[in-house]
Amino acid sequence: MDEQIIIYLIFFILFILLAIYNFRMRLQCVFPALVTKLNRVAIFLFPLIFILIAYVTGNHWSYYVLSSAGSLYIISYGVGQGIHPKGIFYHRVRGQGPISRLAKWEDITEVNIDWNKNKLTSLNWRGKRVELHQFYSEADLKEIEKIIQKKLE
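Mapping the sequence shown onto our numbering, position 21 (from 1) lands on 60, and the numbers just tick up by one.
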């Protein structure tokens with residue numbers, strides 16, 4: 040039982056630290072990306088699924104605490120993208136990692152914008168093409184384009 044508590048504690052701390060990191064990035068963004076409908080559905084469903092798993096697997100208070108921390112992380116992951124003064128915070132579409140990544144302005148060579156969908160679609164960063172799915176309002180996207188042009192000069 041002691042080993043199990045240590046594992047729960049490690050996962051709990053990991054989920055909380057990752058959630059804090061993602062939320063902090065969201066708050067620091069000059070233009071946070073809009074939360075899409077798919078992300079809203081995930082933000083709604085994952086906590087329910089985690090609570091259901093906690094109930095089915097043993098209905099112990101520690102399971103609910105861990106599932107709540109995991110849900111908080113999932114929520115933070117869904118909202119932790121945007122335009123930051125240091126660069127662009129993003130989640131990789133393929134091979135996703137657990138936290139938002141920062142593509143620094145000095146390492147970015149190109150950013151592609153889809154004006155029909157009001158989103159950033161990709162960027163070239165450190166010689167790699169990174170797919171993005173960040174949606175913004177049209178007014179924000181115009182400001183973002185100005186920032187991108189200034190930073191990439």
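A virtual CB, placed ideally from N, CA and C, is assigned to each residue, including glycine.
To the nearest angstrom, how far is the alpha carbon of E149 from that of R165?
On the sequence shown, position 110 is the one that residue 149 refers to. On the sequence shown, position 126 is the one that residue 165 refers to. One alpha carbon belongs to E149, the other to R165, and they sit about 10 Å apart.
Going along the chain, which unbroken runs of the alpha helix (DSSP H) with 4 or more residues stay wholly within the region 40–113?
41–67, 76–96
Out of curiosity, what's the CA-to-CA distance linking A93 and L73?
The sequence position of residue 93 within the sequence shown is 54, counting from 1. The sequence position of residue 73 within the sequence shown is 34, counting from 1. Taking the straight line from one Cα to the other gives about 30 Å.
Out of H99, I46, Q188, which one is the CA nearest neighbour of G126?
Locating residue 126 in the sequence shown gives position 87, where the first residue counts as 1. Considering only alpha carbons, the answer is Q188.
According to DSSP, residues forming a beta bridge with Y116
For the purposes of this step, residue 116 is taken as the residue at position 77 of the sequence shown. Partner(s): none; Y116 has no beta bridge.
Straight-line gap, Y103 to D179 (C-alpha atoms, nearest Å)
Looking up residue 103 in the sequence shown gives position 64. Looking up residue 179 in the sequence shown gives position 140. Approximately 39 Å between the Cα atoms of the pair.
Reduced DSSP secondary structure (H/G/I, E/B, other) of E192
Along the sequence shown, read from residue 1 onward, the residue named residue 192 stands at position 153. E192: coil per DSSP, three-state reduction.
Suppose you measure from the CA of S110 to the CA of H99; what does that come to, to the nearest Å?
In the sequence shown, counting from the first residue as 1, residue 110 sits at position 71. In the sequence shown, counting from the first residue as 1, residue 99 sits at position 60. In a straight line, the C-alpha of S110 is about 17 Å away from that of H99.
Distance, Y112 Cα to Q173 Cα
Counting from one through the sequence shown, the residue named residue 173 turns up at place 134. Counting from one through the sequence shown, the residue named residue 112 turns up at place 73. The straight-line gap from Cα to Cα measures roughly 19 Å.
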